[in-house]
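Here is the structure we will look at, set down as structure tokens.
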Amino acid sequence: MRLDEVPGGKYPFRVPAVRGLVSAGELRFDTPVTLIAGGNGSGKSTLIEGIAVAAGFNPEGGSTSFNFATRPSESSLGEHLTLVRTAGRKPRTGFFLRAESYYNVATEIERLDENGFDSYGGVSPHHRSHGESFLDLATHRFGPGGLYLLDEPEAALSVQGCLALLVRMADLVESGSQFIIATHSPILLASPGATILEIDPAGTIDRVPFDRAEAVVMTRAFLADPNRFLTKLMAG
Ligand SMILES: Nc1ncnc2c1ncn2[C@@H]1O[C@H](COP(=O)(O)OP(=O)(O)O)[C@@H](O)[C@H]1O
Ligand SMILES: [Mg+2]
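So for the sequence shown, the UniProt record's numbering puts the first residue at 1; every next one is plus one.
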């Protein structure tokens, strides 16, 4: 993926991830799963949304055939990105799941699908919990050869749910799908064979091994001794 031009200092071009992309000139997603990590505000959502727009998805989320808008808050980054397919094959299908707007996507699924929600496990996503409906989507609607852009899917999921998603992702990768996922979840960061791109506060985008990803390091330190960790933290 390439950034074509740099139109100055306003949002989204001062977001750390976008500054990192500007100085790198391009970002490569050369494994079937790429995980984008980094602190709150580092620009993960901005980046995922920009890729989604450049790939032809509705910026509010959904498949490429979804074309609805509630309040336009997506950035203009996507208009400046060029996606280059190294495998040379256009994705057969796909889905963009924006962290903030799953409710709107669920409403659109309900509106479009009058055939008993076959692609979603037979139940309207409004009649399932957030996590259940997300796993319905991944199980029934995600398919081979797709491009899946997910923004913090762990927001909906229990630990078991994250593990179920990892298993489903591995199946879909086997059948030629690609995932780009913004996540804070140490479980999702453990996706086998994935590339982890971590955005630091200055905007540098680094490839890091699982054991050095900040979410993994911090979670390990916390879980090793929660009381001690919290006592230190609260003592400032
Ligand atoms: N529509 C917007 N207009 C202006 N600033 C925004 C907008 N959306 C996000 N930002 C800012 O851009 C930065 C990166 O946001 P975001 O991509 O959501 O970060 P992350 O997903 O990594 O937490 C934040 O500082 C946020 O306040
Ligand atoms: Mg975000």
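The beta-carbon is built from N, C-alpha and C at its ideal position, and this holds for glycine as well. Predicted, not measured: the structure shown is a model, and the values here were computed from it.
Separation of residue j from residue i, as counted between CA atoms
i, j, result
"residue 180", "residue 233", "33 Å"
"residue 32", "residue 126", "31 Å"
"residue 206", "residue 13", "19 Å"
"residue 151", "residue 56", "17 Å"
"residue 231", "residue 225", "10 Å"
"residue 190", "residue 164", "13 Å"
"residue 10", "residue 236", "35 Å"
"residue 200", "residue 17", "8 Å"
"residue 227", "residue 40", "24 Å"
Residue i, enclosing beta strand (DSSP E) - first and last residue
i, result
"residue 198", "195 to 199"
"residue 95", "93 to 97"
"residue 207", "205 to 207"
"residue 33", "33 to 38"
C-beta contact flag for residue i and residue j at 9 Å
i, j, result
"residue 50", "residue 94", "no"
"residue 156", "residue 186", "no"
"residue 1", "residue 97", "no"
"residue 46", "residue 197", "no"
"residue 188", "residue 166", "yes"
"residue 15", "residue 42", "yes"
"residue 210", "residue 168", "no"
"residue 19", "residue 131", "no"
"residue 48", "residue 149", "yes"
Sequence-distant residues of the same chain with beta carbon closer than 6 Å to residue i, five excluded per side
i, result
"residue 44", "36, 38, 182"
"residue 237", "The structure shown does not extend to residue 237, since the chain is modelled only from 1 through 236, so no value can be given for it."
"residue 218", "none"
Cutoff 7 Å; reference residue i; Cβ partners in own chain excluding five residues on either side
i, result
"residue 192", "170"
"residue 26", "1, 2"
"residue 161", "131, 135"
8 Å CB neighbourhood of residue i in its chain, flanking five on each side removed
i, result
"residue 29", "1, 178, 180, 195"
"residue 145", "89, 91, 92, 93, 175, 176, 177"
"residue 81", "1, 2, 3, 4, 50, 51, 53, 54"
"residue 139", "121, 168"
"residue 184", "37, 152, 154, 215"
Residue i: first and last residue of the uninterrupted alpha helix (DSSP H) it sits in
i, result
"residue 222", "214 to 224"
"residue 136", "130 to 136"
"residue 242", "Residue coverage of the chain in this structure runs from 1 to 236, which leaves residue 242 outside it and unanswerable."
"residue 44", "44 to 54"
"residue 189", "186 to 189"
Beta-bridge pairing of residue i - partner residues as DSSP gives them
i, result
"residue 149", "96, 180"
"residue 62", "96"
"residue 19", "DSSP lists no partner for residue 19."
"residue 154", "BP columns for residue 154 are empty, so no partner."
"residue 108", "Paired residue(s): none; residue 108 is not in a bridge."
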